[in-house]
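Numbering (the numbering used here), first residue to last: 2 to 166.
Beta carbons are placed, not taken as given, at the ideal position from N, Cα and C, and that holds for glycine.
Owing to the predicted nature of the structure, the values given are computational and were not obtained by experimental measurement.
In what follows, a single structure is set out as structure tokens and then discussed.
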């Protein structure tokens, strides 16, 4: 079982770790390409269509899956199963956005086309906006006042997630 404090700490840690991976990879990509000029015969061809399409699909699909799964969670009466399943849904949402971002960065490395890094940056900004907060989760799950209070209490048990030791 996890308390509210532990739950939000682990959820935030997951978010920040995935964010850090994207930022470090983008930084390394920029460092490796610094001062290099774009190739005359840049292989951007199909990527100019594929990268924005994947980025858009990642955002739309992550939203659709999130809303679909959240709708199911709203019907749960107890807070503990809601919060336990929410973590998995949240990670899936983040993974879809992160995958599209990393793909855009890889394509940037291959082509040295700034547009691909710009797409990655936009995805990273969106990723940052998905940061988990008690307020957002309470709103998304349509929690009742009693459950909202439990989220605010640091020592309240809110999820059945086993921590590995």
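Buried or exposed by the 16-neighbour rule on C-beta atoms within 10 Å, applied to residue i
i, result
"residue 45", "buried"
"residue 72", "exposed"
"residue 35", "exposed"
"residue 137", "exposed"
"residue 101", "buried"
"residue 8", "buried"
"residue 160", "buried"
"residue 21", "exposed"
For residue i: DSSP bridge partner residues
i, result
"residue 1", "Nothing can be reported for residue 1: it is not among the residues displayed for the chain, which extend from 2 to 166."
Short Cβ contact (9 angstroms threshold) for residue i with residue j
i, j, result
"residue 74", "residue 87", "yes"
"residue 94", "residue 55", "no"
"residue 31", "residue 128", "no"
"residue 105", "residue 121", "yes"
"residue 148", "residue 103", "no"
"residue 38", "residue 156", "no"
"residue 152", "residue 144", "yes"
"residue 2", "residue 142", "no"
Proximity to residue i [Cα-Cα], best of the options
i, options, result
"residue 16", "92, 161, 27, 157", "92"
"residue 12", "149, 120, 145, 131", "131"
"residue 70", "79, 59, 58, 83", "83"
"residue 49", "14, 144, 119, 155", "119"
"residue 62", "25, 142, 90, 103", "90"
"residue 60", "113, 2, 126", "126"
What residue ranges within the region 13-98 form continuous alpha helix (DSSP H) runs of no fewer than 4 residues, ordered along the chain? Runs found: 48-75.
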